[in-house]
Amino acid sequence: MASSTWWSSEDLWRKFAIWVTAIMFLVLIILTFDSVSEIKSGTDRVPPYSVINQRIDYTFDETRNRMAPIIGSEAPLFGAALTTEQAEELVTKGKLTIQAKNCINCHTLLGNGSYYAPDLTKAWLDPAWGSEAIREQLMIGFLMNPSANARTFGSGRKMPNLGITEEEAKGIVAFLKWMSAIDTNGFPHNFQPMKQGG
Amino acid sequence: MTAIAGKLDSKILNGGQKLAVKYFMVAIVLFVAQVAFGLIAGLQYIFPSLFYEMLDFNVNRMVHINAMVVWMLYGFIGAVYWLVEDESGREVVGLKLGNIAFYVLTAAVTVVVIVYLFVQTGPGTHKTLWLINEGREYIEAPRWADIGIVVVILVFFYNISMTFMKGRWSGISGVLVLDLVALAGIYLCGMFFTTNVSIDQYWWWWVIHLWVEATWEVLVGCIMAWGLMKTLGARRKIVTTWLYIEVGLMFGSGILGLGHHYFWIGTPEYWLSIGGFFSALEPIPLVAMVVHAVYDSGVHRFKSTNHPALAWLIAHAFGNFFGAGVWGFMHTLPQINLYTHGTQWSASHGHLAFFGAYATINIAFFYLAMQKWRGNVWMSAGLADNGWKWKWSLGLLNTGVVGMTIALLIAGYEQSFIERAMGGSTWQAYFEGQMHPWYIQAMQWRVVFGIVTVLGVVLLVWDLLTIGRKEARTAAVLESPDTKESFKPSSTGAAAGASAG
Amino acid sequence: MLSPVDLDNFFLAFFSAALVILMGAAYALFFTLAKLNGRRLFMVTAYLSYGLLAVSVLLLAEALNLRGYWHIIVWLMLAGYLLAPHGIWHLCCGTHVAAHETANAGDNGRIPAKTEV
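In the order they appear, the protein sequences are chains A, B and C.
Reading the first sequence from the start, the letters are residues 0 to 197 in numbering that gives the first Met the number 0.
Reading the second sequence from the start, the letters are residues 0 to 500 in numbering that gives the first Met the number 0.
Reading the third sequence from the start, the letters are residues 0 to 116 in numbering that gives the first Met the number 0.
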């Protein structure tokens, strides 16, 4: 009888550790190639930046048994249709501003971030903005002077003034509109968007 | 340090250990900063006008989580420098460079924090991301600091790998060096800007998840393995075999466990299944540890030569099990995570898991270091003043963190129910959730327990500065046969541990 | 495809998930104790814990609407938590025996001058 069993030998478990790690990592790399190609902007899951020229909605999809965004007819942001490049430039300005102003340490984006302020995933569609007609102006006004225009819903929690310029505010709104069109596998569930269109 | 330096004997430390204690000291300062800014952020939930437009929640929260990440890294780096000479059998290669890297890193961290506090934010340009704040949770450090961090980590990697190369390799040092490669490589995934928020978060999770739930765990595994050999006389062959088993289980479940962060960020639906499947596997290594811990304590009657370190290792075992295991699994499957994602549930889980898995182990190591630094003093039963300071700080810190965790659990339950499940996550629903009495009371209790935590930290610092100060006895000697035979018994003459994992 | 938890099952979902892990640990704990000191009571307690674990897994499956291929996770948990402590126990015995034998042979865990990694 062998002095130590093969299945308890140091050598076997070293190989086990190396192989398991290598295989799992390889699988992750393969999945990453696939996932990244599926979430490039301009795909079904993550629409092109020029989607801000269209109406975005969010409804329950019976076949997939979950909520999903719907990209509708022409509805240019701030009343002017943008080219693909212009749209990307504007959304990029918004993303840069969202990082530069450290938004994620109060808010969540796609549910990731901090929990001191509401999630921004579907902020563009939130019924709190009233109606389509006034939404853009309300959003710009709020972002540029949140302490004066804040609605705290009785909580007393107000966004501080962060010195956001009009150009930056427009970028943020464009970014939020684009983000609301990302297919997030049904997150958030049961969300009732603002009534849009007619 | 200077005030009590006369009492400390640095000559007893080897070169790596002299550098290690510098890392430990900064780690403790950052630990204090972490809880201080956490307390302010917690208070702002109750008093929203506190420091409004002066030191807003986002700034406090950023310093809170950044200080945590950095103090834990300082603790790990220190622990590796502490053990490297002993494990490799030679002096640290390029120690002078290592010392310079320490001062560069510490200066950079100081500048970053000053900019966070006094500049806070900038215009929406690339320049802001390079100089002020990158605005991505946990890795907010501006790009210049990212590059600095990578350089310092490379110096650290050079010190450690060259020391083993010129000295001797072992299973533990092999795992350690490979893990450091992964640790540094993964950080690079967080150093770019993209407009596409889905791609941004995809790579961001590589850094956050693969650090916290993979490479950090293995790093702690290496440190523990060395500690168990040195302090309990555990046999190298057993410890190494179990380190391999642990690496296999951790990486086997943890690497694709990344999938549980890819449910809702735009990534394909197959991640729901992969994330769910591997999340269900992730607690199994924890259950394995229970068996091994009980086996070890039953087969070997370990004696503890460092009671505080032993107590913190026991806190580690429980904290890791509950924080990562129970709290993690409660909200990880996508059918429930659809509602708990982005609520105080994550905060509840995060507090207990980070504390249990990493803070505890670092604190245990601080006690080992202090024991040696004081001249290998006695730290078993019958300490001066009955050891009330370490006992009370242990009790206060654990009570504080567990209390905060439970308060946040109640808040998270209420929030996911009212805001997410019932209200459909509109802003109206968000604030209804925030205004509910359960939530408000939970936030008040969180601050109460936050204060308990702060008191625990204050007492901990006081204890670390004073423990063993008037101790004349030397550390208890282990009588396990193989500590004497297999290694020079010089290193830490002491310590303890619950079990291997 | 997944069906999110129903509002009525909200508490059950968290509670049963927590019980799965807690009972998994209790089972592992008592199983090992029973193996170590041979007390029957410990082994009975261990399998009672496993019984509770199995019930919790089924309740969790019910609460989370784990249907279709999600059943795989249910079976995996039932089998994994049952077998893991057995496997780890054998590994504990095996690794310790192996180490003691090499120790007796004079190696005693000392690091060789140059070891492969």
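A virtual CB, placed ideally from N, CA and C, is assigned to each residue, including glycine.
Check whether residue i and residue j have beta carbons under 8 Å apart
| i | j | result |
| --- | --- | --- |
| B:Ile254 | A:Leu27 | yes |
| B:Gly501 | B:Ala352 | Only positions 0 to 500 of chain B appear in this structure, which leaves residue 501 of chain B out of reach. |
| B:Tyr80 | B:Tyr22 | yes |
| C:Leu65 | C:Val73 | yes |
| B:Glu216 | B:Ser252 | no |
| C:Leu51 | C:Met76 | no |
| B:Ala505 | B:Val111 | This structure cannot speak to residue 505 of chain B, because chain B is shown only from 0 to 500. |
| B:Val289 | C:Ala12 | no |
| A:Gln98 | B:Leu128 | yes |
| B:His306 | B:Ala380 | yes |
| B:Trp389 | B:Ile466 | yes |
| B:Ala441 | B:Ile409 | yes |
| A:Ala168 | A:Leu137 | no |
| A:Cys105 | B:Phe56 | yes |
| B:Asn158 | B:Gly88 | no |
| B:Thr240 | C:Thr94 | yes |
| C:Leu35 | B:Leu271 | no |
Length of the line joining the Cα atoms of residue i and residue j
| i | j | result |
| --- | --- | --- |
| B:Ile146 | B:Gly14 | 27 Å |
| B:Gly399 | B:His350 | 10 Å |
| C:Val48 | C:Cys92 | For the sequence presented, residue 48 of chain C should be read as Ser rather than Val. Looking at the two C-alpha atoms, the distance is approximately 23 Å. |
| B:Pro284 | B:Leu248 | 6 Å |
| B:Gln33 | B:His63 | 5 Å |
| B:Arg373 | B:Leu463 | 11 Å |
| A:Pro126 | B:Ser424 | 11 Å |
| B:Gly265 | B:Tyr201 | 9 Å |
| B:Gly134 | A:Val19 | 35 Å |
| C:Ala112 | B:Ser160 | Confidence at C:Ala112 is low in this model, with a pLDDT of 40, below 50, so its placement is unreliable and the value that follows should be read with caution. Cα to Cα, the separation comes out at about 16 Å. |
| B:Ile138 | C:Glu61 | 39 Å |
| B:Val180 | B:Gly232 | 29 Å |
| B:Ile405 | B:Ala346 | 10 Å |
| B:Ser498 | A:Trp5 | Unreliable positioning characterises B:Ser498 in this predicted model, as indicated by a pLDDT of 32, which lies under 50. The coordinate reading is nonetheless provided below. The straight-line gap from Cα to Cα measures roughly 24 Å. |
| A:Phe186 | A:Asn111 | 12 Å |
| A:Gln85 | A:Lys176 | 15 Å |
| B:Leu104 | B:Val114 | 15 Å |
| A:Thr208 | C:Ser15 | Residue 208 of chain A is absent from the model: chain A starts at 0 and stops at 197. |
| B:Leu209 | B:Ala183 | 11 Å |
| B:Met61 | B:Leu42 | 15 Å |
| B:Leu7 | B:Glu136 | 39 Å |
| B:Ala292 | B:His315 | 12 Å |
Under 8 Å by beta carbon: chain B residues contacting residue i
| i | result |
| --- | --- |
| A:Ile37 | It should be noted that the sequence gives Glu, not Ile, for residue 37 of chain A. Ordered by position in chain B, the residues that pass the 8 Å Cβ test against A:Glu37 are Thr266, Pro267. |
| A:Ser113 | Phe56, Asn57, Arg60, Glu136 |
| A:Leu108 | Val196, Gln200 |
7 Å Cβ cut-off: residues of chain C touching residue i
| i | result |
| --- | --- |
| B:His291 | Ile87, Cys91 |
| A:His188 | Pro3 |
| B:Val325 | Ala17, Ile20, Leu21 |
| B:Gly275 | Ile72 |
Partner residues on chain A for residue i, Cβ-Cβ distance less than 8 Å
| i | result |
| --- | --- |
| B:Leu257 | Leu27 |
| B:Leu271 | Asn184 |
| B:His125 | Leu95 |
| B:Arg89 | The contacting residues do not exist; B:Arg89 stays about 24 Å from chain A at best. |
Partners in chain C for residue i, counting only beta-carbon separations shorter than 8 Å
| i | result |
| --- | --- |
| B:Gly121 | Result: empty, since nearest Cβ-Cβ is about 40 Å, beyond 8 Å. |
| B:Gly297 | Thr31, Leu32, Leu35, Asn36 |
Contacts that residue i makes with chain A (C-beta to C-beta distance below 7 Å)
| i | result |
| --- | --- |
| C:Thr172 | Limits of chain C in this structure are 0 at one end and 116 at the other, which puts residue 172 of chain C out of reach. |
| B:Gln343 | Tyr114 |
Listed by chain order, chain B residues near residue i by CB distance under 7 Å
| i | result |
| --- | --- |
| A:Trp123 | In chain order: nothing, as chain B lies at least about 12 Å away. |
| C:Tyr80 | Val286 |
| C:Ala83 | Ile283, Val286, Ala287 |
* Going along the chain, which residues of the segment 127-156 of chain A sit with their C-beta nearer than 8 Å to a C-beta in chain B? -> Ala127, Ser146, Thr151, Phe152, Gly153, Ser154, Gly155, Arg156
* Using Cβ-Cβ distances below 8 Å, what residues of the segment 421-442 of chain B are close to chain C? -> Met421
* Which parts of the segment 49-137 of chain A are runs of the beta strand (DSSP E), unbroken and 3 residues or longer, counting only runs that do not cross its ends? -> 53-60, 65-73
* Asked: the segment 60-93 of chain A: which residues have C-beta closer than 9 Å to a C-beta of chain C, in chain order?
  -> Arg63, Asn64, Arg65
* To do: Write down every uninterrupted run of the alpha helix (DSSP H) in the segment 173-231 of chain B whose length is 4 residues or greater and which is fully enclosed by it, in chain order.
  => 196-209, 215-231
* **chain C contacts made by the segment 234-246 of chain B, where a contact means CB separation under 9 Å** => Arg234, Arg235, Lys236, Ile237, Val238, Thr239, Thr240, Trp241, Ile244
* To do: Pick out the complete beta strand (DSSP E) segments inside the segment 52-112 of chain B, 3 residues or longer, and give them in chain order.
  => none
* Report the residue ranges of all alpha helix (DSSP H) runs contained in full by the segment 267-331 of chain B; include only those spanning at least 4 residues, in chain order. => 269-280, 282-298, 306-319, 326-329
* To do: Would you list, in chain order, the members of the segment 31-42 of chain C that have their beta-carbon closer than 9 Å to a beta-carbon of chain B?
  => Thr31, Leu32, Lys34, Leu35, Asn36
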